[in-house]
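**Student:** Residue numbers (my numbering): 867 to 1093.
No residue lacks a Cβ here, since even glycine has one placed at the ideal position from N, Cα and C.
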Amino acid sequence: MRILVVDDDPPSVKMTAFLLREEGYDVLAANNGRDALALIEQERPDLILLDVMMPGMDGFDTLREIRARYGIPVIFLSAKGETSDRVAGLEMGADDYLAKPFEPSELLARVKAVLRRTEAYALGEPSDRIESGGIRLDPLTNRAERPDGQVVELTPIETRLLHTLMRNAGRVLTHDQLLNSVWGENYGGYPNQIAVYVRRLRTKIEENPDEPKYLTTVRGVGYRFEV
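As structure tokens, this is what we get:
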């Protein structure tokens, strides 16, 4: 597995790269967003660890560019650890958000969890494609087709969340059930994490995200995919 570390602080890059190499990962490094995008195009890493606070093209701008082109999973690393910062990162399409300073064991656990989820979907069979309510989802390509024929690109997390809801169409799934299914058991998550991703999905598959037809909220309980 190849991991790209993007951070403008050389000591942080050195420490992170050392931890990852000790676990057997191949590591690439970039100290700014532009160099990171060039490396992504050339090397297609399996995972990106992206610092938020970089001069010039910061982590948020870099993630926007990544999400416009690739479905590669991204973990934000940032000294900004407030809930609002984490929610902003998740809303932009990050797969996880880890506040600095962090314990090496926590970083490695997050890396392994994201890669494990991504690999599990990459090894899926074509039969994992699903259609419900006029929405077609292909987990192998991270694409969904709307009833009007428009094809939208999804992030890996968005794909897993939509796939889980569509597999259980008509059934209310609680926040805990969705966290366990999409992120794995024992993943604590952040406040409003599910809501952030549901909101992103609505903007992609709903004709009117403010009046959703497919992804409905059951207040105080969870979410349901309507058919």
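Using beta-carbon positions only, say whether D961 and V980 come within less than 8 Å of one another.
**Tutor:** Numbered from 1 along the sequence shown, position 95 holds the residue referred to as residue 961. Numbered from 1 along the sequence shown, position 114 holds the residue referred to as residue 980. A contact, by the Cβ cut-off of 8 Å.
**Student:** Got a sec: is the Cβ-Cβ distance from P911 to anything in chain D below 8 Å?
**Tutor:** The chain inventory of the structure shown lacks chain D, comprising one protein chain alone.
**Student:** Please go through the same chain and pick out, in chain order, the residues whose beta-carbon is closer than 7 Å to the beta-carbon of R900, but skip the five residues on each side of it.
**Tutor:** Working through the sequence shown from its first residue, we reach residue 900 at position 34. Counting only Cβ-Cβ distances below 7 Å, and skipping sequence neighbours, we find M923.
**Student:** Decide yes or no for the touch test of the stretch 889-909 against the stretch 917-937: beta carbon pairs closer than 8 Å, at least 3 of them.
**Tutor:** Contact between the stretch 889-909 and the stretch 917-937 is present, because at least three Cβ pairs lie under 8 Å.
**Student:** Using a Cβ-Cβ cut-off of 8 Å (strictly less than) and excluding sequence neighbours within five positions of E991, which residues of its own chain qualify?
**Tutor:** Stepping through the sequence shown from its first residue, residue 991 is reached at position 125. Any reading at E991 must be qualified, since the residue scores a pLDDT of 44, below 50, and its modelled position is unreliable; the value itself is stated next. So the list is empty, once near-sequence residues are dropped.
**Student:** Alpha carbon to alpha carbon, what distance is there between I1001 and F942?
**Tutor:** Start at 1 with the first residue of the sequence shown, and residue 942 comes out as number 76. Start at 1 with the first residue of the sequence shown, and residue 1001 comes out as number 135. Those two C-alpha atoms are separated by around 30 Å.
**Student:** Short check: CB of G1088 to CB of H1041, under 8 Å?
**Tutor:** To locate residue 1088, count along the sequence shown from 1; it is residue 222. To locate residue 1041, count along the sequence shown from 1; it is residue 175. Result yes, Cβ atoms of G1088 and H1041 sit closer than 8 Å.
**Student:** Can you give the Cα-Cα distance for R887 and P911, rounded to whole angstroms?
**Tutor:** Position 21 of the sequence shown holds residue 887. Position 45 of the sequence shown holds residue 911. So the alpha carbons of these two residues sit roughly 14 Å apart.
**Student:** Less than 8 Å between the C-beta atoms of D1003 and R995, yes or no?
**Tutor:** In the sequence shown, counting from the first residue as 1, residue 1003 sits at position 137. In the sequence shown, counting from the first residue as 1, residue 995 sits at position 129. The residue asked about is misnamed: residue 1003 is Leu in this sequence, not Asp. Yes, the Cβ-Cβ distance between L1003 and R995 is below 8 Å.
**Student:** Using CA atoms only, rank isn't needed, just tell me which of T1082, T949, T984 and S944 is closest to G1050.
**Tutor:** Counting from one through the sequence shown, the residue named residue 1050 turns up at place 184. Here the closest residue by C-alpha is T984.
**Student:** Measuring CB to CB, does N1034 end up less than 8 Å from T1021?
**Tutor:** Against the sequence shown, residue 1034 aligns to sequence position 168. Against the sequence shown, residue 1021 aligns to sequence position 155. In this structure, T1021 does not lie closer than 8 Å to N1034 by Cβ.
**Student:** Candidates L870, S971, G1036 and A1061: which alpha carbon is nearest V1045's?
**Tutor:** Here residue 1045 refers to the residue found at position 179 when the sequence shown is read from its first residue. One point to set straight first is that residue 1045 is Leu, not Val, in the sequence displayed. Nearest of L870, S971, G1036 and A1061 to L1045, Cα basis: A1061.
**Student:** By a C-beta neighbour count over all protein chains shown, 10 Å radius and 16 as the cutoff for buried, is T882 buried or exposed?
**Tutor:** Translated into positions along the sequence shown, residue 882 becomes position 16. Under this definition T882 is a buried residue.
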